[in-house]
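Residue numbers (UniProt numbering): 1 to 263.
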């Protein structure tokens with residue numbers, strides 16, 4: 001099954017449900033802003049405290065609405081009607097704590113991966129700084145040598161920066177889809193342990209990472225075009241992508257084979 005097939009299936013599933021899904025997006029944005037504003041109000045005079053509270057709010061509260069949107073996308077794929085109550089499904093007692101733990105681990109993974117990807121730039125920047133310090137403290141001969149070194153390194157820095165940015169794009173797309181797959185597995189199997197959720201997700205994706213990346217990449221042009229609508233089009237694009245990834249998940253879960261679909 002190709003990316004075009006997943007997207008076609010997503011559009012078919014969304015027939016008659018676009019309005020509800022867009023409305024859920026808007027409600028999620030409004031509720032998240034209101035919650036953040038109310039909880040951050042006492043900390044407006046302290047930037048550090050406000051940032052910490054904002055992080056906690058995201059980890060414990062507002063993330064739940066994005067999980068609710070993912071739940072709605074899965075229900076749409078399975079032929080059910082989306083409704084606004086689905087936004088709050090994560091806050092049910094049996095679902096909340098497992099969802100919080102999953103959200104925290106994905107944030108940790110995201111932070112660690114970002115740090116690893118930034119290391120090359122940090123290292124090169126550090127070498128450049130040391131070289132500049134040598135220029136200011138050394139003699140003329142050393143200064144000329146280091147100046148030539150820095151000039152040569154500038155091209156390397158730009159090259160490394162471009163490579164890292166490309167990696168960031170690919171990894172960000174994969175992580176975003178992977179995290180959504182984790183959420184879908186969690187929603188489908190609320191009784192699994194955190195480790196079992198990761199193992200089941202990895203099992204479903206075995207040999208399918210390329211397909212998932214292609215599906216994610218196929219939406220880039222829509223997001224770029226959406227910028228020219230002042231991002232208003234994202235209200236349509238995000239549900240479309242969510243439902244497409246949920247379709248991908250459902251196909252993987254049900255063990256469908258590519259040759260059952262039209263190329």
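Positions of the beta carbon are idealized from the N, C-alpha and C atoms, including for glycine.
With a cut-off of 8 Å on Cβ pairs, the region 95 to 115 is not in contact with the region 74 to 85, counting fewer than three such pairs. At a Cβ-Cβ threshold of 8 Å, residue 181 and residue 166 do not count as neighbours. Under the Cβ criterion (8 Å, minimum of three pairs), the region 238 to 250 counts as touching the region 20 to 28. In the three-state scheme derived from DSSP, where H, G and I count as helix and E and B as strand, residue 253 is classed as helix. When secondary structure is reduced to three states using DSSP, residue 202 falls in the helix class. Between residue 20 and residue 83, the alpha-carbon positions lie close to 7 Å from each other. Per the C-alpha coordinates, the member of 161, 105, 63 positioned closest to residue 91 is 63. For the region 18 to 96, not one full-length beta strand (DSSP E) segment reaches 3 residues or more. The DSSP-derived three-state label of residue 210 is helix. Here DSSP, grouped into helix, strand and coil, assigns residue 106 to helix. Counting only residues of its own chain and dropping the five nearest sequence neighbours on each side, residue 168 has a CB closer than 7 Å to the CB of 117. The criterion of a C-beta distance shorter than 8 Å is not satisfied by residue 65 and residue 33. About 6 Å separates the Cβ atoms of residue 215 and residue 244, confirming a contact at the 8 Å cut-off. In this model, residue 161 and residue 115 are separated by some 14 Å (Cα to Cα). Distance from the Cα of residue 74 is smallest, within the candidate group 200, 184, 199, for 184. Rounded to whole angstroms, the Cβ separation of residue 3 and residue 218 is 4 Å, and the two are in contact under 8 Å. Distance check between residue 6 and each of 188, 246, 58, 254 places 246 closest, using alpha-carbon atoms only. Pairing residue 187 with residue 71 gives a Cβ-Cβ distance under 8 Å.
Measuring C-alpha to C-alpha distances from residue 123 to each of 212, 57, 164 identifies 164 as the nearest. For the pair residue 94 and residue 190, the Cα-to-Cα distance works out to about 8 Å. Where residue 13 is concerned, the enclosing alpha helix (DSSP H) starts and stops at 3 to 14. About 6 Å separates the beta carbons of residue 213 and residue 173, which is inside the 8 Å limit, making them a contact pair.
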